[in-house]
Every structure is written in C-alpha cells, then in structure tokens.
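What follows is a short report on a single structure.
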C-alpha cells in the first residue's frame, strides 16, 4: 500500500515537472535576451495601459514558449527515432 502511494506521488511530481520546466525555460531565456532588446522598448510609453517593458518581456516569453513547443512537436512528429 505504501509503495503505491509513493509511486503516485512520484508520478504527480513528473507530471508537474513539464510545466515547471517550461516556466523556467521562459523565465531564463527571456531574462537572458532582454538586455539585447531592451533599448527598443521605452518604459515611459504605454500601450493599452501597460508599460512597453512588459509588452517586450511578454513577447519574448511567448516567442520562447512557442519555439520550444514547436521544436518538441517537430521532433515528435518527424524526427523521432521509433
């Protein structure tokens, strides 16, 4: 009975690992890319009531997320070994 409980907890940990990894990927790469493109976004300006800095960070994070997911999809569909 105890083994089943530990296996279930281990499975739950593995399932949440995917989401946590995506958050870490997006955060890390966004903050690494930001110094190179921050000059394009003036923090004094706003669009839809949101500072341009946040639009820039959000667009980089979205780009990273879409890139990672598309690479995973392409690998799974076309480049898988099995």
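Numbering (my numbering), first residue to last: 1274 to 1355. Ideal placement from N, C-alpha and C gives every residue a C-beta, glycine not left out.
Contact between the segment 1296-1314 and the segment 1322-1335 is established, with three or more Cβ pairs separated by less than 8 Å. In the three-state reduction of the DSSP assignment, residue 1324 falls in the strand class, which pools E and B.
Burial is judged here by how many other beta carbons sit within 10 angstroms of a residue's own beta carbon; residue 1337 has at least 16 and is buried. About 4 Å separates the CB atoms of residue 1329 and residue 1314; that is less than 8 Å, so the two are in contact. Taking a 10 Å sphere around the C-beta of residue 1300, we find fewer than 16 other C-beta atoms and assign the residue as exposed.
Between residue 1295 and residue 1341, the CB-CB gap stays under 8 Å.
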